[in-house]
Structures are given as structure tokens and as C-alpha cells.
Amino acid sequence: MSESKPTFTGYEKFIIALLATLQFTVVLDFMVLSPLGYILLDKLSITTSQFGLVVSAYAFSAGGSGLLTAGFADKFDRKKLLLFFYVGFLVGTLFCGIAPTYHLLLAARVFTGIFGGVIGSISFAIITDLFEIDVRGRVMGFVQMAFASSQVLGIPIGLYLANKFNWHAPFLMIVGLGLIVGVLIVTQMKPIDAHLKNPRKGNAFQHLAKTLARPDYLQGFAATALLATGGFMLMPFGTAFGVHNLGIAEASLPTLYMVTGISMLVFSPMIGKLSDKTGKYKVFLMGSTVTCIMTLIYCNLSVTPLWIIIGLNVLLFVGITGRMISASALMTAVPDPADRGAYMGINSSIQQIAGGLASLLAGFIVSETSTGFIENYPLLGDVVVFAVIVTALLMYRIHKYVAVKLAAVAPANAPNPAV
């Protein structure tokens with residue numbers, strides 16, 4: 016007999032779709048740099064370390080902005096906060112779309128990061144406010160489909176526009192889509208201000224300091240720092256590695272991204288539902304295991320047939336997506352309600368800064384020969400695997416902390432959705 020009450024109301028489904036679309040634009044703005052890497056290296060005549068700095072500039076500015084605004088995050092209606100930073104993100108992306116030189120592009124990425132880096136934390140705070148822990152895995156699964164959608168639709172279209180016109184075109188496309196999202200936020204999203212009824216005492220900086228000082232939050236911040244390492248280290252040079260080391264034709268890149276993205280559109284909701292039913296940490300461990308195995312295989316490949324590369328890439332992203340969805344859902348249970356905005360802001364800030372450092376380090380680990388061949392990519396894979404293993408140990412501590420915390424407030428004999 017099916018349940019009479021649906022899992023989500025109509026408005027909740029709208030919010031999930033809106034946040035997923037919003038995340039799609041933010042994720043695409045970052046991810047589109049990876050497939051554009053081989054174009055920018057040529058058109059702007061820059062080195063791999065300079066390109067790594069372009070990627071890192073967004074992350075560093077996002078991290079600094081997230082840290083500075085974290086203390087204010089619980090003092091405003093989350094809808095207004097989201098709208099403010101999203102408008103700034105679109106303005107920064109527009110600057111990227113019209114930047115004529117490397118240095119102006121670098122400056123535009125800094126500006127975009129100041130606003131775009133805070134959006135994810137606000138979205139997660141909204142999800143935590145509106146949805147219970149036992150369905151957050153499913154919500155995260157749908158919202159994280161933004162990554163898959165960016166590969167299915169965004170990156171192939173972005174590559175097509177870049178090849179058809181120039182490398183500025185993908186950024187202008189994002190601005191156009193973002194304007195539609197902004198209008199929907201203004202006209203359709205309800206105020207999200209329940210957290211204002213029980214505010215923390217003290218000013219924003221005191222709130223920030225107290226959140227940073229809590230020992231049970233610090234382990235979450237540490238896990239987040241390492242969680243960002245894998246994607247940020249492999250992503251910036253993934254396309255250049257595929258073209259010059261694996262022998263992928265440039266014309267086949269959209270196919271690779273599209274097939275991988277379609278697969279993630281299928282797997283992401285399944286992973287989210289699985290994490291709610293079987294346990295978020297169990298799914299995280301499975302994702303980490305797959306990520307380690309596939310990273311070691313993928314980073315040590317030489318010229319390989321496209322169909323094999325696509326299969327390996329899909330498996331690698333299944334592992335990465337499994338880690339992201341389960342970890343994100345588990346992390347939302349760490350902060351107290353009055354600290355959610357600050358915690359998510361700090362968490363996002365740490366993730367961005369750690370990712371920026373990882374991208375910068377990756378730019379120094381790998382190097383490009385005169386033929387475009389990327390050297391030391393296997394070493395990069397080894398570093399990623401080490402970070403994944405250490406992160407799994409830290410996430411176990413988070414898992415135990417959340418289980419105890421939820422057990423303290425759950426009714427007797429009630430199932431613990433975090434275990």
C-alpha cells in the first residue's frame with residue numbers, strides 16, 4: 016500500500032528545482048573553465064600555473080568572502096541574502112564574458128568568486144531550514160544534479176559556443192539563464208526567516224568567532240577542507256590531459272561530457288535516495304572506494320579508445336558524486352539551527368580556499384611540454400587518493416557525532432537516518 020502523503024509538497028518541489036537550476040549556473044561558471052583550458056592556454060598564451068591561478072582566483076576570493084559574510088548569514092532573510100549574492104555573481108560572470116586579456120579575466124574571476132562562493136552555503140542553509148534530515152539525501156541528490164546537468168547541457172553547449180564564436184560566449188550564456196533564475200527568486204520564493212525568531216546574541220563577528228571556536232564544528236571544517244581536494248586538483252587539467260595524453264579528439268569532448276552527465280542525471284537521485292535509506296556514511300565510503308580505484312586507473316592511462324575513457328570517466332564521477340551527495344547531507348546535521356548560516360558560510364569558505372590551494376598546487380605538480388603533453392598526472396592522482404582516504408577517516412568522526420546528536424532528540428525506537 017503506497018503512502019497517502021507525498022514526500023515533497025508542490026512548493027518544496029519548486030524550491031528543489033529552483034535551487035538545482037541556480038546551482039547549475041554557479042557550477043557551470045566554474046566547470047566551464049576546465050574544458051576551455053586548452054583554448055585559454057593557446058589564445059591567452061599562458062602557462063599551466065597561470066591557468067591554475069585563474070581557477071584558484073575564484074576559489075580564494077570565494078573563500079575570503081564566505082568567511083567575512085558568515086557572521087551575517089543568520090541575521091537576514093535567506094531569500095534576500097541569496098538574491099543579493101546571486102546578482103553580484105551574474106555581474107561578475109558578465110565581466111568574464113567581456114574580459115579581453117588574461118589579467119582582466121583574472122580580476123573578473125576574483126569579483127565573481129566574491130559573490131558566487133557564498134551562494135552554495137546559502138542554498139544548503141535553505142535546504143536545512145526547509146527539509147528534515149531523513150529526506151535531505153534525496154534533496155541533495157536532486158540539487159547535485161546541477162553538476163551532471165552542467166555536463167549534459169552546459170559544457171557541450173559552452174564548448175560549441177566557444178568553438179563557434181569565442182571563449183567569452185559560454186559566460187554570456189550563463190548570464191542569460193541566470194537572469195531567468197533571478198526573476199523566479201524574486202517573484203516565487205517565499206521569505207525564509209524562521210531562524211530570525213531565535214537569533215544568537217552578540218554582533219556578527221562575535222557570532223562568527225563562536226561558531227569557529229566550537230570543537231564539534233572544527234572537525235567538520237577539517238573534513239570539508241580535504242573533501243574539496245579531489246575535484247579541484249583533477250578538474251582544471253582534465254581536458255588538457257584527455258586531449259594531449261589520452262588522445263581524445265577535441266570534437267569528441269562534448270560526447271564525453273554529455274554521456275558522463277547523462278549518467279550522473281540517472282545516478283544522482285539514486286545515490287541520494289540510497290544515502291537516506293542505508294546511511295549517509297556507508298554511501299560516502301562506497302563513493303570514496305570507487306573514487307580511489309578509478310583515480311589510480313584513469314590518471315595512469317596513455318592513449319586509450321574513447322569508449323573506454325567514457326566508461327572509466329562515468330565510474331569516476333559515480334564515486335565523486337556519491338561522496339559529494341552523502342557528505343553534503345551529513346554535514347547539514349552538524350550545526351544547531353541558529354548557527355546554520357554561519358556554519359555553512361564558514362564551511363563553504365574553507366572548501367573554496369582549500370580547493371584554491373589544491374588547484375594552485377596541481378598547477379605546480381603538472382607541467383605542459385611543447386607538444387601539450389601533461390606531465391606528472393599520475394603523481395597528481397596519488398595525492399588525490401591520499402586525500403580521499405584521510406577524508407574518510409575524518410568523516411567517520413562526523414558520522415558518529417551526528418548519530419549521537421540525532422539520537423538525543425529523536426523519539427524512543429525511532430530510526431536514525433544518519434546511521
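Residue numbers (our numbering): 16 to 434.
Backbone N, C-alpha and C define an ideal beta-carbon position, used for all residues, glycine too.
| Item | Value |
| --- | --- |
| Would T293 pass as an interface residue toward chain B - the criterion being a Cβ-Cβ separation below 9 Å? | The structure shown contains no chain B; it holds only a single protein chain. |
| Give me, in chain order, the residues of the same chain whose beta-carbon lies closer than 7 Å to that of S64; leave out the 5 immediate sequence neighbours on both sides. | G378, F379 |
| For I389, which residues does DSSP report across the bridge? | E383 |
| Can you tell me where the alpha helix (DSSP H) with R124 in it begins and where it stops? | 117-145 |
| Using the C-alpha atoms, what's the distance from R153 back to M16? | Note that M16 scores 42 on pLDDT, short of 50, meaning its location in the model is unreliable and no value can be drawn from it. |
| Less than 9 Å separating the beta-carbons of I200 and L97? | yes |
| How many Å lie between A32 and P206 at the Cα? | 17 Å |
| Can you tell me the Cβ-Cβ gap for I324 and L261, rounded? I've got them flagged as a contact below 8 Å. | 6 Å |
| Pull up the distance between the alpha-carbon of V47 and that of A422, whole angstroms please. | 42 Å |
| Contact between the stretch 340-353 and the stretch 291-303 is defined here as three or more beta-carbon pairs at a separation below 8 Å; is this criterion met? | yes |
| In the DSSP assignment, the alpha helix (DSSP H) including K205 goes from what residue to what residue? | Where K205 is concerned, there is no enclosing alpha helix (DSSP H), given that its DSSP letter is neither H nor E. |
| Do you know offhand how far V281's Cα is from H118's? | 40 Å |
| Does DSSP put L261 in a helix, in a strand, or in coil? | coil |
| What's the gap between the Cα of V417 and the Cα of D231? | 10 Å |
| Can you list, in chain order, the residues of its chain with a C-beta nearer than 7 Å to that of L316? Leave out the 5 residues immediately preceding and following it. | L261 |
| When we look at the beta-carbon of G257 and count the other beta-carbons within 10 Å, is it buried (16 or more) or exposed? | buried |
| For K288, I'd like the list of residues in its chain whose CB is within less than 8 Å of its CB, leaving aside the five on either flank, ordered along the chain. | G152, R153, G156 |
| Short check: CB of I30 to CB of M204, under 9 Å? | yes |
| Short check: CB of I286 to CB of I361, under 9 Å? | no |
| Look at Q367 and G25 and say whether their C-beta atoms are less than 9 Å apart. | no |
| Would L34 and V158 qualify as a contact pair, given that the criterion is a beta-carbon distance under 9 Å? | yes |
| Give the single residue among L242, V419, N391, S303 whose Cα lies nearest to the Cα of A255. | N391 |
| Please return the same chain residues whose Cβ sits closer than 7 Å to the Cβ of L394, not counting the five positions on each side in sequence. | I380 |
| What separation, rounded to the nearest whole angstrom, lies between the Cα atoms of L121 and A402? | 28 Å |
| Please give the ranges of any alpha helix (DSSP H) in the stretch 44-90, keeping only runs that are unbroken, at least 4 residues long and fully inside the region. | 52-58, 63-84 |
| Do the stretch 235-248 and the stretch 171-188 touch if we need at least three Cβ pairs shorter than 8 Å? | no |
| Please classify S17: does DSSP put it in a helix, a strand, or coil? | Because the pLDDT of S17 is 46, which lies under 50, any placement of that residue in the model is unreliable, and the number read from its coordinates should be weighed accordingly. Three-state DSSP puts S17 in coil, outside helix and strand. |
| Which residue comes first and which comes last in the alpha helix (DSSP H) that contains M250? | Taken as a continuous stretch (DSSP letters only), M250 belongs to no alpha helix (DSSP H), as it is neither H nor E. |
| Decide if T384 is buried, meaning its Cβ has at least 16 other Cβ atoms within 10 Å, or exposed. | exposed |
| To the nearest angstrom, how far is the alpha carbon of T10 from that of K212? | This structure cannot settle anything about residue 10, because the visible part of the chain is limited to 16 through 434. |
| If you run the structure through DSSP and keep just helix, strand and coil, what is N178? | helix |
| On a Cα-Cα basis, can you pick out the residue from D144, L55, G356, F220 that is closest to N181? | L55 |
| By the three-class DSSP mapping on this structure, what secondary structure does R229 have? | coil |
| Could you tell me whether the Cβ atoms of I61 and H259 are closer together than 9 Å? | no |
| Classify T310: buried if its beta carbon has 16 or more other beta carbons within 10 angstroms, exposed otherwise. | buried |
| How many Å lie between F75 and G67 at the Cα? | 12 Å |
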